[in-house]
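Keeping their order, the protein sequence lines are chains F and P.
Residue numbers for the first sequence follow the working numbering, so the first one is 3 and each next one is one higher.
Residue numbers for the second sequence follow the working numbering, so the first one is 21 and each next one is one higher.
Using N, Cα and C, we set each Cβ at its ideal position, and we do this for glycine too.
What you are looking at is a predicted structure, and each value in this text was computed from that prediction instead of being measured.
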Amino acid sequence: MQSRTAGFEEFAASNFAALCRTGYLVCGDWQRAEDAAQETLIRLYQRWGRLGDVAALEGYARRTLVNLLIDESRKPARHERTEERPPESVMTSGTAAVEDRDEAMRVLAQLPPRQRACVVLRFYLDLSVRDTAELLDCSTGNVTRLTSDALASIHRNLEGSQS
Amino acid sequence: MTEHEDELRALLHSVDNLDPDLPAALTGRARRRHTKRLVTQGACLGLAAVVVGGGAILVTKEQRTPVSVATAVPASPTASSTPVVTPSVTPQGRPVVAPDEIARRCAPQMKAYGAMRNYQPTKPWTVLQPFEHREGDVVAMQSGANNPAYCLLPAAGDEAKPVDLATFAPSLANRPRLLELCSEGHATRRPPSSTGGRSLVPAAKDLREGTIRQAALDGVGPAQVVIGLGGETFACTAFSPTWDAGGTSVSLVEKRDAVLITATSTGASNKSIVPDPAAYYFGSGRLTQGGGSIQFRVGDRLVRTVPVGADGLWNLMLRVPGEGGIKDLSWRVVDASGKVGLSGHLLG
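This is the structure in structure tokens:
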């Protein structure tokens with residue numbers, strides 16, 4: 003039990019922030035992203051020792067996180083939202099980062115959940131079409147179509163905001 | 021489309037600065053749920069499994085745990101600079117007090133503060149920050165746009181009891197109080213001053229539920245604190261109210277390839293109300309590359325080495341005793357293999 007815990011804690015410590023960030027991009031709500039990241043790691047603990055190497059663990063964690071958030075987005079009654087985004091931080095030199103984050107959230111908010119997840123997996127995590135398809139449990143053709151539709155929508159959106 | 025893909029990638033990576041802390045209780049929750057599953061699965065096998073798994077009775081509804089643990093950052097070689105674990109302030113059982121009532125209850129303390137400072141404001145003292153305040157909380161009060169003063173919010177009937185100003189002196193032994201001082205003392209109604217180019221947070225920032233990731237204090241003086249909250253990291257410099265006014269500030273910690281330091285000096289010759297002559301150098305930051313250390317020198321003399329965490333975080337509060345005010349402090353980043361990287365000067 004001790005080595006199980008130690009290994010899990012090490013993995014959790016080094017992956018929690020990345021899971022939160024990915025979740026935030028997928029759902030647009032920091033609180034929900036943190037909750038989903040915690041739930042993901044708790045579920046991972048149940049399967050600890052049966053998944054293989056670190057790459058397999060990361061794959062399982064991403065898959066669980068994304069599916070949790072997509073499933074949740076389908077539910078008619080969402081959890082209570084206490085904080086949709088990380089605390090506002092208006093600052094001199096950091097303004098650009100915050101503005102970019104807002105812009106990213108605005109662009110992603112236009113997309114349906116699976117398109118949004120597809121964009122995050124392909125362009126934030128740089129997963130291949132095949133890995134993305136496996137993670138989303140669909141065909142590679144489906145990923146290509148989701149990506150293409152999402153990029154067309156984002157393209158229109160960015161063009162609109164710049165004109 | 022490629023141009024838009026690049027733009028999209030850049031936008032998506034704007035979240036990379038968000039850096040939440042792993043909740044301390046997560047492994048415990050995972051272990052309890054694992055035990056519960058084992059008990060549930062084994063229940064049909066007989067009573068023994070239920071008895072063995074009796075601990076699972078304690079498993080209750082899963083709840084998000086806001087209290088976080090400090091990340092594993094190497095301890096500073098200085099005795100006063102340590103990574104610390106901070107319990108959140110627990111407000112249970114203490115009623116929220118309305119701002120007007122706070123102003124009434126704090127009036128005697130403000131009068132005593134004015135007498136100490138020889139300061140008699142013409143405008144009424146009002147509550148500075150828009151946070152909920154409960155009896156026993158530290159509350160920053162402000163008269164007009166002047167520097168804030170602290171009040172320890174008394175229970176009704178205890179207004180006349182004197183409060184020692186040492187109550188508001190930053191101390192590493194009282195972590196919740198440090199978080200209160202940083203949340204309350206950061207004056208948002210006045211423009212920032214003497215920030216050394218750091219990015220201040222002009223909006224009110226309630227850091228009381230934050231996690232202290234690093235804290236440093238050199239002797240008796242201001243404290244430099246790194247606080248994590250909601251995926252972001254803040255640096256706070258907390259001053260005692262018996263020091264020169266208006267020092268407490270909060271800034272956002274961002275990754276950068278530079279070490280930004282602020283300095284102040286005390287002693288009569290420096291027109292400070294603090295008699296002890298010394299210079300204080302302080303700052304916090306996150307370097308893009310973690311590990312190693314930062315060496316600080318005054319002239320050729322090495323005066324402090326602070327560790328750089330694996331996540332790039334560093335934190336400094338340095339007191340250099342003596343007359344002469346602020347001197348040029350130089351810094352250089354040394355990686356784990358001893359190789360010198362970035363370097364610079366406070367006044368350069």
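Against chain F, the CB of P:Val-328 has no partner CB under 8 Å away; the residue lies outside that interface. The beta carbon of P:Ser-34 sits closer than 8 Å to some beta carbon of chain F. Approximately 6 Å separates the beta-carbon atoms of P:Gln-234 and P:Leu-333; this is inside 8 Å, confirming the contact. Under the Cβ distance rule, F:Tyr-62 does not count among the residues neighbouring chain P, no pair being separated by less than 8 Å. The shortest CA-to-CA distance from P:Arg-324 to any of P:Ala-330, P:Asp-331, P:Ser-313 is the one to P:Ser-313. With a 10 Å radius around the Cβ and a threshold of 16 neighbouring Cβ atoms, F:Asn-17 comes out buried. The residues Pro-261, Thr-262, in chain order, have a CB closer than 6 Å to that of P:Leu-185 in the same chain once the five nearest residues on each side in sequence are set aside.
Under the 10 Å beta carbon count, F:Gln-112 is surrounded by fewer than 16 other beta carbons and is classified as exposed.
For P:Thr-47, the C-beta contacts it makes with chain F under 8 Å involve Thr-7, Phe-10, Glu-11, Ala-14, Tyr-47, in order along the chain. Pairing F:Leu-129 with P:Pro-297, the inter-Cα distance amounts to about 59 Å. Contact between P:Pro-115 and P:Glu-179 is absent: CB atoms are separated by about 16 Å, not below the 8 Å threshold. Among the residues of chain F, those whose CB is under 8 Å from the CB of P:Asp-39 are Ala-19, following chain order. Taking C-alpha positions only, P:Leu-192 is separated from P:Lys-225 by approximately 21 Å. Against chain F, the CB of P:Glu-25 has a partner CB under 8 Å away; the residue lies at that interface. Sequence-distant partners of F:Cys-22 (beyond 5 residues in either direction) whose C-beta falls short of 8 Å from its own C-beta, in its chain, are Trp-32, Ala-35, Glu-36, Ala-39. Residue environment: P:Ile-247 is assigned as buried (16 or more neighbouring CB atoms within 10 Å of its CB, all protein chains considered). Residue range 195 to 205 is occupied by the alpha helix (DSSP H) that includes P:Gly-205. In the structure shown, F:Leu-110 adopts helical secondary structure according to DSSP, grouped into three states. Under the Cβ distance rule, F:Ile-156 counts among the residues neighbouring chain P, one pair being separated by less than 8 Å. Contact check for F:Ala-119 against F:Val-28 passes: the beta carbons are separated by less than 8 Å. Distance from the CA of P:Asp-41 to the CA of P:Thr-142, rounded to the nearest whole angstrom, comes to 45 Å. Here the alpha carbons of P:Phe-316 and P:Leu-322 stand approximately 6 Å from one another. Look at the beta carbons and you see the stretch 32 to 41 of chain P touching the stretch 249 to 261 of chain P: at least three pairs across the two are nearer than 8 Å. For secondary structure counted as the beta strand (DSSP E) over 3 or more consecutive residues, the stretch 131 to 158 of chain P holds these complete runs in sequence order: 145 to 147. If you compare the alpha carbons of P:Val-35, P:Glu-25, P:Glu-229 with that of P:Arg-195, the shortest gap goes to P:Glu-229.
For P:Val-323, the enclosing beta strand (DSSP E) has its first and last residue at 321 to 327. The beta carbons of P:His-24 and F:Leu-123 sit no closer together than 8 Å.
For P:Thr-282, the enclosing beta strand (DSSP E) covers residues 282 to 286. Within chain P, the C-beta atoms nearer than 8 Å to that of F:Cys-22 come from Leu-38, Pro-40, Gly-251, in chain order.
Among the residues of the stretch 120 to 153 of chain F, those with a Cβ less than 8 Å away from any Cβ of chain P are Val-121, Val-122, Phe-125, Tyr-126, Leu-153, in the order of the chain. Boundaries of the alpha helix (DSSP H) around F:Val-121: 115 to 121. Contact between F:Glu-41 and F:Leu-70 holds: their C-beta atoms lie close to 6 Å from each other, under 8 Å.
Membership of P:Tyr-300 in the beta strand (DSSP E) is indicated by the continuous run 298 to 306.
Following the DSSP letters along the chain, one finds F:Thr-42 inside the alpha helix (DSSP H) bounded by residues 32 to 48.
Rounded to whole angstroms, the gap between the alpha carbons of P:Ser-34 and P:Lys-181 is 50 Å. Here P:Gly-205 is near P:Ala-160, since their CB atoms are less than 8 Å apart.
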